[in-house]
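K.L.:
Read in order, the letters of the sequence shown correspond to residues 1087 to 1608 in the numbering used here.
Quick one: this structure, given as structure tokens, is what I'll be asking you about.
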Amino acid sequence: MSTDRADAPAAFWRALPEDLKALLRLGFMGKAHLLDVAARCLRPGRSDLAEVAGDALNILAADHPLDGGLAAELLAAEPAATLLAPDTVARLRVLAAHWVRPADMAPLLDLLNGRDFARTRAFLDQAVRDEPGNLFWREQAVTTGTVENDPDFVFACLKASAPEAAAPVLAAAEECTRTLFFPPEPPAPEELLAAARRSPWNAGLVLRAFDALSGAAGERSPLPGRTAVLLYSWNKADELDATLSSLLASDLAGVSVFVLDNGSTDGTAGVLDRFASRFADVIGADRFTVIPLRVNVGAAAARNWLLHLDAVREHDFCCYLDDDVDLPSDWLLRLGAAVRRYPEAGVWGCKVVDHANPLCIQSADNHLAMDPEARVDLSRTAPNPFSLTGLHVQTLDTGGFDFLRPCASVTGCCHLFRTRVLLESGDFAIQLSPSQYDDMEHDLRLCEAGLFPVYQGHLAVRHRKRTGAASLTSDQERGNALGNKYKMQTMHARADIAEALRAEQALLEADLTGKLDYLEGV
């Protein structure tokens, strides 16, 4: 490609092949994703894409400093190895020589599947000591300790006795891990601009640079109208107490709160009684409403019940919140900024991170994906195979998802609708009860109507999702999720999903090229 990307990043982007752009629009991070990007760029006859491939491969090597399997794969692929920096190649050779997957993985896998971190930590600590020359065990220790938010364990394993030859690998791993637990200051707008111009194929950099320079990154704006905040809860009194506390401490101008007690038998009623007076002192007694039900009607029916209350329908906006979230004080102003930037969206959502470890992203901007060759087959567990991309599950939160843009679905943990649009788009599907996939299915309807969601990545909501052994799901819960996924897929014609995917890709392209054009003019 002859276009000088630094001087004309938008032109460089437009000249990329469409199949590659479809991948790059999703982002430029994640092991599986970057391997896919590199493979596309290294196909025969595409030497003009070598720099994109090289960037993907060098990021992979830097982000996975203890992945010996990846190291061996990169070194064995001759075109890939030639694109890596010489010091990176040297480090990968050392890593590959000091990394061996054990023949029997069952003991480790049993511990990981049981989610008992104390036992897993003890097992890995002993394995690191027993096999100091096998960096496989340190990789597992760093991965597990990072997810469990235990930096002391992670750094102890990295600093444990090791062969002298492995020192460069362990130093790189320590530097990478330190930036996770002790992140540096966010880059200045000028740094983001320079990086985006150097790498216009990196959509995340482009989006972050645009937001930093246009003011979107720091923007907060009140919603243009009154907002009904809607919660429903079943037997989660402690979590609900914490959620309402964070809600009460936030900016509630123009807000009314409605809480549906979905047949709880614990202390939920007492929690709501206590908060009634506290909210009355802040927003007025007539703006905090409790709806007690005798039985649990499920998530979708609870959402619909709240929506169809006359008092709720009088509001301009409706915002559903889960009963186990921790809200920053400016959460609604952040959503208001998203509405101001993208007023035509069907729904606005946010980044959701784990409450115990905010490095772990539970939801970000999700996009439609489907195999055009696949066909409907009702005998399969995925009868109409399509999915959401979920790039966030391949990485940790280092700021790469801190941007604002359209997508195909946002999490129902915290999402905002115009009341009129929500009523016109129809109720949440009660056939997807008691929960799972009802919010995604509703987003698909919006996509098919051309009302795409918008993701506000400058708002991070922490979710008190149970972790460890307590998060293990029962066979009944897994069966319900699988059944609801099956039903959800049969509710949408394959042609409609394909058209929504094409429309979303066109929307993402217009959004990204518009922002590249802006960056060229800065």
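All residues carry an ideal CB built from backbone N, CA and C; glycine is no exception.
As the structure is a computational prediction, the values presented were derived from the model and not from experiment.
Measuring CA to CA, which of Leu1593, Ala1355 and Ala1183 is closest to Asp1347?
P.N.:
That would be Ala1355, whose Cα lies nearest to the Cα of Asp1347.
K.L.:
For Asn1220 and Asn1235, I'd like the C-alpha separation in whole angstroms.
P.N.:
Rounded to whole angstroms, Asn1220 to Asn1235 spans 23 Å at the Cα level.
K.L.:
Whose CA, out of Ala1282, Asp1297, Leu1299 and Ala1298, lies closest to the CA of Leu1291?
P.N.:
Ranking the options by Cα distance to Leu1291, first place goes to Ala1282.
K.L.:
Do three or more CB pairs link the stretch 1532-1542 to the stretch 1581-1599 at distances below 8 Å?
P.N.:
Touching, yes, given that three or more Cβ pairs across the two stretches are closer than 8 Å.
K.L.:
Judging by CA-CA distance, which residue of Trp1434, Pro1520 and Ala1546 is the nearest neighbour of Pro1414?
P.N.:
For Pro1414, the nearest C-alpha among the options comes from Ala1546.
K.L.:
Which ranges does the beta strand (DSSP E) cover as unbroken runs of at least 3 residues, wholly within the stretch 1427-1454, from first to last along the chain?
P.N.:
Listed in chain order, they are 1434-1440 and 1447-1449.
K.L.:
Alpha helix (DSSP H) containing Gln1212: first to last residue?
P.N.:
Looking at the DSSP string, the run of the alpha helix (DSSP H) that includes Gln1212 is Phe1203 to Asp1216.
K.L.:
Count the other CB atoms within 10 Å of the CB of Thr1174; is the residue buried (16 or more) or exposed (fewer)?
P.N.:
With 16 or more other Cβ atoms within 10 Å, it is buried.
K.L.:
Closest to Ala1397 by CA distance: which of Leu1594, Asp1352, Asp1372 and Asp1216 is it?
P.N.:
It is Asp1372.
K.L.:
Kindly indicate which three-state DSSP category Asp1525 falls into: helix, strand or coil?
P.N.:
The answer is helix: DSSP assigns Asp1525 an H, G or I state.
K.L.:
One question on the structure: do Phe1114 and Trp1287 come within less than 8 Å of each other, judged by their Cβ atoms?
P.N.:
Cβ distance < 8 Å, so Phe1114 and Trp1287 count as in contact.
K.L.:
Please go through the same chain and pick out, in chain order, the residues whose beta-carbon is closer than 7 Å to the beta-carbon of Lys1322, but skip the five residues on each side of it.
P.N.:
Cβ within range, chain order: Asp1409 and Asp1410.
K.L.:
Please report the distance separating the alpha-carbon of Asp1529 from that of Phe1239.
P.N.:
Cα to Cα, Asp1529 sits roughly 41 Å from Phe1239.
K.L.:
Pick from Pro1237, Tyr1604 and Gln1522: whose alpha carbon is nearest that of Gly1498?
P.N.:
Closest option to Gly1498, Cα to Cα, is Gln1522.
K.L.:
Buried or exposed: Thr1505, going by 16 or more other Cβ atoms within 10 Å of its Cβ?
P.N.:
It is buried - the Cβ of Thr1505 has at least 16 other Cβ atoms within 10 Å.
K.L.:
Hey, Arg1082 and Val1439: beta-carbon distance below 8 Å or not?
P.N.:
The displayed coordinates of the chain run from 1087 to 1608. Any statement about residue 1082 would go beyond what the structure contains.
K.L.:
On a Cα-Cα basis, can you pick out the residue from Cys1493, Asp1367, Thr1206 and Asn1470 that is closest to Tyr1428?
P.N.:
If we check each option's Cα against that of Tyr1428, Cys1493 comes out closest.
K.L.:
Report the three-state DSSP secondary structure of Asn1348 (helix, strand or coil).
P.N.:
Strand at Asn1348.
K.L.:
Whose C-beta lies closer than 6 Å to the C-beta of Ala1246 among residues of the same chain, with five residues either side of it excluded?
P.N.:
Counting only Cβ-Cβ distances below 6 Å, and skipping sequence neighbours, we find Val1214.
K.L.:
Less than 8 Å between the beta carbons of Ala1386 and Phe1503, yes or no?
P.N.:
No, the Cβ-Cβ distance between Ala1386 and Phe1503 is not below 8 Å.
K.L.:
Could you check whether Ala1259 and Val1180 sit closer than 8 Å to each other, using their CB atoms as the reference points?
P.N.:
In this structure, Ala1259 does not lie closer than 8 Å to Val1180 by Cβ.
K.L.:
Any idea if Leu1605 is buried or exposed, counting beta-carbon neighbours within 10 angstroms, 16 or more meaning buried?
P.N.:
Buried, by the Cβ-count rule.
K.L.:
For Ser1617, which residues does DSSP report across the bridge?
P.N.:
Absent from the structure is residue 1617, since the part of the chain shown begins at 1087 and ends at 1608.
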